[in-house]
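Undergrad: My questions all concern the structure below.
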Amino acid sequence: MSSEFARDDVPPLTEAIQPGTATDPTVGSTDAATLTVDGHEVTLEAGATLLDAVTAVDTNEDVPALCSYDREDNIGPRSECRTCMVKTDEHGLVPSCSFPAEDGLNVRTDAVAATEARDVNLDLVLSNHNLRCTTCGKNGRCELQDAAIANDVAEPRYGVLDNRGAYEPIDDSSSFIQIDRNKCILCNRCVEACNDVQVEGVLRLEGNGQDTRIGFQNDAETMADSTCVSCGHCVTVCPTGSLVETGIVDAATLPVPGFTQKNSIGRSIEPSDENTELMTPMKQDDWSEKDGQTSTEAATESESEDWP
């Protein structure tokens, strides 16, 4: 993407979406099923997926599902982010969000192949995401941020989207909804909420490959020129800060003594006892008997590292 983004650089629209038409296939089991997840037996009703089974048991693994939101409202899953991979004895690695719960299935979330697959796919999502969390209105309530911290992402192996010259300009033309495509992970939740739940038919995916982006079905260039009715459902379902209310003031940015600001991968930004700017109370400072430091002191030692 060039440093000066132009509408002409965007490939043509890839698909037509009729408002009210579900864009995801039906997922879930046809019958009730009893299966095992990490040694725990669980029985689920018809229509359940492996993700339902995983969330129903006490597992030590965090299995994020960034493209899944609410199947009853036809919002996901699309099995696109692949951050929810688990291993089954019968089928190998499968996306738990869309794979039906089968009777007698043995599921492992802690298998090496499963954890590595989730880590790689999460890193791939992070590699195309702007990690400027400290200036993001969703800082502290971002699903991608939560997933990265829960899965102990110390440093994304494929880098991050941090070339400001290649950033696409933020669309703040609307008086209600702001779009920052640099933070979009293409989960398609907003498109489905707009088309399948609100039946407005405003949003869609356009382009292909690395140039895929959220666009408008009337081929408008900005949100203000689209047919958006400002219902806000797209903002509600967005897992990142790509879609937020215009002019939002996030209460989570208030400074709280004893807390240190973190970015998407849990890296300390600056110690709270020295910083007077607005901060996000992501994680409380902990004392480590191993090294005799608080996380604030540890952050001070590594503050020279160039992370967003």
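In terms of UniProt numbering, the sequence shown is numbered consecutively and its last residue is 308. Idealized CB from N, CA, C, for every residue including glycine.
#1: Could you tell me how far apart the beta carbons of Thr-109 and Asp-38 are, in whole angstroms, since I believe they sit closer than 8 Å?
#2: Let me know the alpha helix (DSSP H) ranges lying completely inside the region 195-248, each 4 residues or longer, listed in chain order.
#3: With the cut-off set at 8 Å, would you say Cys-67 and Cys-234 are in Cβ contact?
#4: With a cut-off of 8 Å on the beta carbons, I'd call Asn-128 and Leu-93 a contact; round off their distance for me.
#5: Is the beta carbon of Ala-101 less than 8 Å from the beta carbon of Ala-65?
#6: Determine the closest residue to Gly-104 out of Pro-95, Asp-89, Ala-113 and Val-112, with distance taken between C-alpha atoms.
#7: Any chance the region 107-124 sits against the region 81-88, with 3 or more Cβ pairs inside 8 Å?
#8: Starting from the C-beta of Leu-254, find all residues in its chain whose C-beta is less than 6 Å away, skip the five residues before and the five after it, and write them out in chain order.
#9: Which residue marks the beginning of the alpha helix (DSSP H) containing Ala-53, and which one marks its end?
#10: Output needed for Pro-77: all residues of its chain with C-beta closer than 6 Å, excluding positions within five of it in sequence on either side, in chain order.
#11: Sort Leu-124, Val-229, Cys-184 and Ser-173 by Cα distance to Cys-238 and report the nearest one.
#12: Which residue wins for smallest C-alpha separation from Tyr-167, given the options Gly-140, Ser-242 and Thr-227?
#13: Apply the 10 Å Cβ neighbour rule to Ala-33 and answer buried if 16 or more other Cβ atoms are within range, or exposed otherwise.
#14: With Arg-189 as the anchor, note down where its alpha helix (DSSP H) starts and where it stops.
TA: According to the data block:
#1: Rounded to whole angstroms, the Cβ separation of Thr-109 and Asp-38 is 6 Å, and the two are in contact under 8 Å.
#2: Whole alpha helix (DSSP H) segments, 4+ residues: 233-237.
#3: For the 8 Å CB-CB criterion, Cys-67 and Cys-234 do not form a contact.
#4: By a beta-carbon distance limit of 8 Å, Asn-128 does not contact Leu-93. Their separation comes to about 22 Å.
#5: Pairing Ala-101 with Ala-65 gives a Cβ-Cβ distance that is not under 8 Å.
#6: Minimum Cα distance to Gly-104 is reached at Asp-89.
#7: Here the region 107-124 lies against the region 81-88, with 3 or more beta-carbon pairs under 8 Å apart.
#8: A caution first: Leu-254 carries a pLDDT of 49, below 50, which makes its placement in the model unreliable, though a value can still be read off. No residues qualify anywhere along the chain.
#9: Looking at the DSSP string, the run of the alpha helix (DSSP H) that includes Ala-53 is 50-56.
#10: Cβ neighbours of Pro-77 beyond the five flanking positions: Cys-67, Ser-68, Cys-97 and Ser-98.
#11: Across the set Leu-124, Val-229, Cys-184 and Ser-173, the C-alpha of Cys-184 shows the shortest separation from the C-alpha of Cys-238.
#12: That would be Ser-242, whose Cα lies nearest to the Cα of Tyr-167.
#13: By the neighbour-count rule (16 or more Cβ atoms within 10 Å), Ala-33 is buried.
#14: Note, Arg-189: alpha helix (DSSP H), 189-192.
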